[in-house]
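All remarks here apply to the structure that follows.
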């Protein structure tokens, strides 16, 4: 059973298997089919998790009421109905299940592609009107034609595989996939402009975001071949609908097949009634198999998240998945502790934090390490909750620049984490590592080599490097019955400056700290708690 039985709300008629799995895993599950926004606003504050399909709109206003919400699960791929930015800012994890509907969407793309090429819906409608118009519905073959795929994710690649079976030449564009990987799927990777120039058929399989909104507009359609044909089973808004309509009217575009629209359901959209457009009501993932898969997957993902087993399908919290890796966990803890340490010694207004991840473990988990560092830093300054999901967004919001770097070498350590902050008054730096797989240590501070456990009460100060300095400080503490539990000394040049860090068993009162600061030769004295 899950401790304290988190409550999960299911909306949008998610398949029953989702509730069955979550209930079996120990969750309290409520089902609100076709929940209207007003009702959702009233109840969302009660829930730790929310599962939606494509109808419920998870807005920033709704999230402002979701005071207990920790995760939003999208039973499907697209998250354009979820304000991911607002969720991230509130520290809410957003998950999706992009693989569950891959085959169904690819097959629907093929259905639309073939229906459009052979005018099947129009011919069917004509026959139902009692007509026999063979010459009117002259089609075109796929064989020998060039297909351009915009977006080569899982669905795009599945479409490519099927179209290659029709002996089509497949080209594609994608901002992430390399030419080498694309070639393994038999796809020639090209720029968008070249894809538009060469393609006889163009199919869209990209997500809707700020970069892809209006990706295909008037200028892009002008670059296409005369008589090009478009298919969109991805998201409305990627192809500008007015530009597509004008191109259909002019004959530049021979036909189109659309499963998605900028507004759904479409209201008074002339494309729906155009004689050379095949339309379906967002059916790409609407198969029994796909709905079963995504419902099962999102339930398992949410259960795994709350049980701390693993994190998959994270849209905005990739670092959380890294945090479950056993070899990375000590470094994440080290990063947070060094962040908290530096935040307590800082002088001035924080401007920039630089995180250098040196060594193989740190380099491959740098996103988590940076987020853990900033969590430690910001937790000292802010009263609002800070977690691994929202910390980078909060840092940006309050004007702190975060810089990260990775290096393979970390000599003389296997892995070395170096964190530096810059304020309007100073810059300071600390480094740490992990010994024996779990023992976290600070090993560098401002160029001084030390070794201290970053936990509990720590007294840190610089002093003139001369005999008797440690004795004076120790005497003051001893007279107040304050015990020194650990000690580390560092210096660069004998007889100049030195750094001392003491691990202290109890809190030092402000009055005693004042006396310690008055000792001649002592500077930059700070007392921190980790």
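Numbering (my numbering), first residue to last: 164 to 693. Built from N, CA and C at the ideal position, the CB exists for glycine as well. Everything numeric in this text was worked out from a predicted model, so none of it was measured.
Practice problem: Give me the Cα-Cα distance between residue 324 and residue 364, rounded to the nearest whole angstrom. | Solution: When rounded, the distance between both Cα atoms is 15 Å.
Practice problem: Indicate whether the contact test is met: 3 or more Cβ pairs, each with one atom in the region 285-292 and one in the region 236-246, closer than 8 Å. | Solution: Proximity of the region 285-292 to the region 236-246 falls short of the contact definition, fewer than three beta-carbon pairs being nearer than 8 Å.
Quiz item: What is the residue span of the beta strand (DSSP E) that residue 702 lies within?
Solution: The first residue shown for the chain is 164 and the last is 693, placing residue 702 beyond what the model contains.
Quiz item: beta strand (DSSP E) containing residue 350: first to last residue?
Solution: No beta strand (DSSP E) holds residue 350; DSSP gives it neither H nor E.
Quiz prompt | residue 268 versus residue 397: straight-line alpha-carbon distance, rounded | solution = Answer to the nearest angstrom: the Cα atoms are 9 Å apart.
Practice problem: Could you pull the start and end residues of the beta strand (DSSP E) that residue 265 belongs to? | Solution: First-last for residue 265: 265-281, but that is the alpha helix (DSSP H), not the beta strand (DSSP E).
Quiz item: Around the C-beta of residue 521, are 16 or more other C-beta atoms found within 10 angstroms, so that it is buried, or is it exposed?
Solution: Counting Cβ neighbours within 10 Å, residue 521 comes out buried, since at least 16 surround it.
Quiz prompt | Contact set for residue 278: own chain, Cβ-Cβ below 7 Å, skip 5 residues either direction | solution = Answer for residue 278: 284, 420, 441, listed in chain order.
Exercise. Please list the segments of the alpha helix (DSSP H) lying wholly inside the region 356-440, counting only runs of 4 or more residues, in order along the chain.
Key: Those alpha helix (DSSP H) runs which fall completely within the region 356-440 and span 4+ residues are 381-385, 404-413.
Quiz item: Taking buried to mean at least 16 other C-beta atoms within 10 Å of its own C-beta, is residue 164 buried or exposed?
Solution: For residue 164, the predicted model reports a pLDDT of 41, less than 50, meaning its position is unreliable and no value from the coordinates is stated.
Quiz item: Hey, which unbroken runs of the beta strand (DSSP E) at 3 residues or more fall wholly within the region 648-688?
Solution: Taking only runs of at least 3 residues, the beta strand (DSSP E) segments lying wholly in the region 648-688 are 660-667.
Quiz item: Where does residue 544 sit, in a helix, a strand or coil, going by DSSP?
Solution: DSSP places residue 544 in coil when its eight states are reduced to three.
Quiz item: To which residues of the same chain is residue 395 closer than 8 Å at the C-beta, ignoring the five residues directly before and after it?
Solution: Contacts found: 366, 367, 401, 402, 419, 420, 421, 422, 423.
Exercise. Assign residue 555 to buried or exposed, taking buried as 16 or more other Cβ atoms, counted over all protein chains shown, within 10 Å of its Cβ.
Key: Buried, by the Cβ-count rule.
Quiz item: Can you round the beta-carbon distance between residue 220 and residue 204 to whole angstroms, since I take them to be within the 8 Å contact cut?
Solution: Contact flag wrong, Cβ pair sits at about 12 Å.
Quiz item: CB residue 333 to CB residue 312, shorter than 8 Å?
Solution: Closer than 8 Å, so yes.
Quiz item: Residue range of the beta strand (DSSP E) that residue 258 falls in?
Solution: Start and end: 256-259.
Quiz item: Out of curiosity, what's the CA-to-CA distance linking residue 384 and residue 179?
Solution: Straight through space, the alpha carbons of residue 179 and residue 384 are spaced by roughly 43 Å.
Quiz item: Can you name the residues that DSSP bridges to residue 592?
Solution: 583, per the DSSP bridge assignment.
Quiz item: Is residue 374 close to chain C, meaning its C-beta is less than 8 Å from at least one C-beta of that chain?
Solution: The structure shown contains no chain C; it is built from a single protein chain.
Quiz prompt | Candidates 688, 491, 512: closest to residue 774 by CA position | solution = Because the chain spans 164 through 693 in this model, residue 774 falls outside it and cannot be assessed.
Quiz prompt | C-alpha distance - residue 590 paired with residue 506, whole-angstrom precision | solution = A direct Cα-Cα distance of roughly 12 Å separates residue 590 from residue 506.
Practice problem: Give, in chain order, every unbroken run of the beta strand (DSSP E) that is at least 3 residues long and sits entirely within the region 174-232. | Solution: Runs of the beta strand (DSSP E) inside the region 174-232: 191-195, 212-215.
Quiz item: Hey, residue 226 and residue 249: beta-carbon distance below 8 Å or not?
Solution: Yes, the Cβ-Cβ distance between residue 226 and residue 249 is below 8 Å.
Practice problem: Put residue 311 into one of helix, strand or coil per three-state DSSP. | Solution: Correct three-state label for residue 311: strand.
Quiz item: With burial defined as no fewer than 16 other Cβ atoms inside 10 Å of the residue's Cβ, what is the status of residue 342: buried or exposed?
Solution: So residue 342 counts as exposed.
Quiz item: Can you tell me whether DSSP reads residue 568 as helix, strand or coil?
Solution: Per DSSP, reduced to three states, the secondary structure at residue 568 is strand.
Quiz prompt | Buried/exposed call for residue 681, threshold 16 Cβ in 10 Å | solution = Residue 681 should be labelled exposed.
Quiz item: Secondary structure at residue 304, three-state DSSP: helix, strand or coil?
Solution: Coil, per DSSP.
Quiz prompt | Start-to-end residues for the alpha helix (DSSP H) that takes in residue 247 | solution = Segment 247-252, the alpha helix (DSSP H) holding residue 247.
Self-check item: Whole-angstrom distance between residue 488 and residue 197, CA atom to CA atom
Solution: Roughly 39 Å separates the two Cα atoms.
Self-check item: Nearest-angstrom Cα separation, counted from residue 171 out to residue 579
Solution: For residue 579 and residue 171, the distance between alpha carbons rounds to 41 Å.
Quiz item: Can you check whether the CB of residue 614 is closer than 8 Å to the CB of residue 606?
Solution: Using a Cβ distance threshold of 8 Å, residue 606 and residue 614 count as a contacting pair.
Quiz item: Grouping DSSP H, G and I as helix and E and B as strand, with all else coil, what is residue 557?
Solution: Helix, per DSSP.
Quiz prompt | Closest by C-alpha distance to residue 575, when choosing among 598, 583, 567 | solution = Ranking 598, 583, 567 by Cα distance to residue 575 puts 598 first.
Self-check item: Distance CB(residue 533)-CB(residue 565) smaller than 8 Å
Solution: It is a contact, given that the beta carbons lie within the stated cut-off.
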